[in-house]
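Peer 1: Position 244, counted from 1, in the sequence shown is what the numbering used here calls 352; the numbers after and before it change by one each time, with no gaps. Virtual Cβ for every residue (Gly too), placed ideally from N, Cα, C. The structure presented is a predicted model; accordingly, all values stated were derived computationally and were not measured. Here it is, the structure, as structure tokens.
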Amino acid sequence: MQHLLIYIYSLAIILYRLAIGLVSPFNTKAKLWIQGRKNWQQRLQLAVKPLHEAGKPIVWVHCASLGEFEQGRPLIEALRAQYPQLAIVLTFYSPSGYQIRQNYAHADVVCYMPLDTRRNALLFVKILQPRLVVFVKYEFWYHHLQALFQAQIPVILVAALFRPGQLFFKWYGEPFRRLLKGYSRIFAQNEYSAALIRKAGVNQVEVAGDTRVDRVMQMAAQPATYEAVEVFAGNSPVWVCGSTWPQDEALLLLLSIHNFPPGGR
């Protein structure tokens with residue numbers, strides 16, 4: 109059963125790649141996804157060659173998209189400030205993250221993570237040769253993690269969230285539970301997530317909160333001005349909500365009805 113699950117997973121990855129290729133002529137995001145991964149081996153080799161030649165230890169930080177990047181950003185910038193001798197390689201899975209942060213100043217290299225096949229994963233780790241890997245929140249790519257564990261490279265997971273319906277907690281999910289056990293450390297957002305994986309036999313976990321809170325506090329300490337918003341709002345209070353879920357919106361609606369001042373937008 110365990111081998112069958114991995115076979116199904118690997119097949120699903122290949123079918124996903126085929127589907128992305130089929131829709132790419134008609135979908136901008138899919139087209140960027142394909143283009144960003146063309147000749148990735150050669151591009152990665154050229155990008156990291158100066159880092160290896162300079163003898164810089166590489167820390168690889170992977171984020172699915174822009175939201176996860178904002179959670180990983182405080183950690184990246186803390187690493188950059190405290191350990192300037194490190195080289196930071198930042199990867200994204202989604203074009204929405206890469207397109208916006210491809211010139212991020214605190215990373216030495218920004219690129220896409222290749223498709224999660226065994227061959228790609230082994231090649232990526234061999235070329236990159238990271239000393240430490242940081243995955244953010246929901247990133248559990250089986251073959252990349254296996255390649256890292258095989259190379260005995262420490263991997264940590266930050267801002268992790270877990271829920272009972274995930275594959276790790278199914279009766280047939282043992283191969284993916286083993287992935288969790290392979291992490292050097294898991295930093296969960298809350299005690300509920302930590303308790304779930306402890307129950308699954310994963311003990312190298314601690315509750316560290318949500319790093320997005322750190323990012324929000326950073327932004328609040330350095331307020332920006334936006335001409336378009338000022339023209340729209342004038343002197344009226346403005347409430348901006350983004351990346352909300354339906355559950356969030358139900359609460360926000362109640363708050364806006366009872367607490368938002370008249371004349372706000």
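#1: Secondary structure at TYR314, three-state DSSP: helix, strand or coil?
#2: Determine contact between the segment 155-174 and the segment 186-203, defined as no fewer than three beta-carbon pairs at a distance below 8 angstroms.
#3: Work out the CA separation of SER351 and LYS157 for me, nearest whole Å.
#4: Identify every run of the beta strand (DSSP E) within the segment 188-254, keeping only runs that are complete inside it and at least 3 residues long; order them along the chain.
#5: By the three-class DSSP mapping on this structure, what secondary structure does TRP279 have?
#6: Return the CA-CA distance between LYS307 and GLN210, expressed in angstroms with no decimal places.
#7: The ligand MN heavy atoms versus the CB of TYR220: any closer than 7 angstroms?
#8: Output the distance between the C-alpha atoms of ALA296 and PHE257, rounded to the nearest integer angstrom.
#9: Mind reading off the beta-carbon distance from LEU194 to LEU187? Whole number of angstroms is fine, and I expect it under 8 angstroms.
#10: Could you work out which residue in VAL242, ILE196, TRP148 is closest to HIS214 when comparing CA atoms only?
#11: State the Cα-Cα distance for the pair LEU363 and CYS219, rounded to the nearest angstrom.
#12: In three-state terms, what does DSSP make of ILE261?
#13: Can you look up TRP141 in the DSSP assignment and give me helix, strand or coil?
#14: Would you tell me roughly how many angstroms separate the C-alpha atoms of TYR246 and HIS252, rounded to the nearest one?
Peer 2: This is what the structure holds:
#1: In the sequence shown, counting from the first residue as 1, residue 314 sits at position 206. Residue identity check: residue 314 is Glu in the sequence provided, not Tyr. If DSSP states are grouped into helix, strand and coil, GLU314 belongs with the strands.
#2: Contact holds: three or more Cβ-Cβ distances are below 8 angstroms.
#3: Stepping through the sequence shown from its first residue, residue 157 is reached at position 49. Stepping through the sequence shown from its first residue, residue 351 is reached at position 243. The alpha-carbon atoms of LYS157 and SER351 are separated by roughly 37 angstroms.
#4: Taking only runs of at least 3 residues, the beta strand (DSSP E) segments lying wholly in the segment 188-254 are 195-200, 217-220, 240-244.
#5: Position 171 of the sequence shown holds residue 279. If DSSP states are grouped into helix, strand and coil, TRP279 belongs with coil.
#6: The residue labelled residue 307 in the question sits at position 199 within the sequence shown. The residue labelled residue 210 in the question sits at position 102 within the sequence shown. Here the alpha carbons of GLN210 and LYS307 stand approximately 39 angstroms from one another.
#7: With respect to small molecules bound, the structure shown includes none, and the ligand MN cannot be examined in it.
#8: One-based indexing of the sequence shown puts residue 296 at position 188. One-based indexing of the sequence shown puts residue 257 at position 149. Cα-Cα distance, rounded: 20 angstroms.
#9: Translated into the one-based positions of the sequence shown, residue 194 becomes position 86. Translated into the one-based positions of the sequence shown, residue 187 becomes position 79. About 6 angstroms; that satisfies the 8 angstroms criterion.
#10: In the sequence shown, the residue the question calls residue 214 occupies position 106. Comparing Cα-Cα distances from HIS214 to each of VAL242, ILE196, TRP148, the minimum goes to ILE196.
#11: Locating residue 363 in the sequence shown gives position 255, counting from the first residue. Locating residue 219 in the sequence shown gives position 111, counting from the first residue. In this structure, the CA atom of LEU363 is about 40 angstroms from the CA atom of CYS219.
#12: Along the sequence shown, one-based indexing puts residue 261 at 153. DSSP, read as helix, strand or coil, puts ILE261 in coil.
#13: Residue 141 sits at position 33 when you count from the first residue of the sequence shown. Three-state DSSP puts TRP141 in a helix.
#14: Translated into positions along the sequence shown, residue 246 becomes position 138. Translated into positions along the sequence shown, residue 252 becomes position 144. If you take the alpha carbons of TYR246 and HIS252, they lie about 14 angstroms apart.
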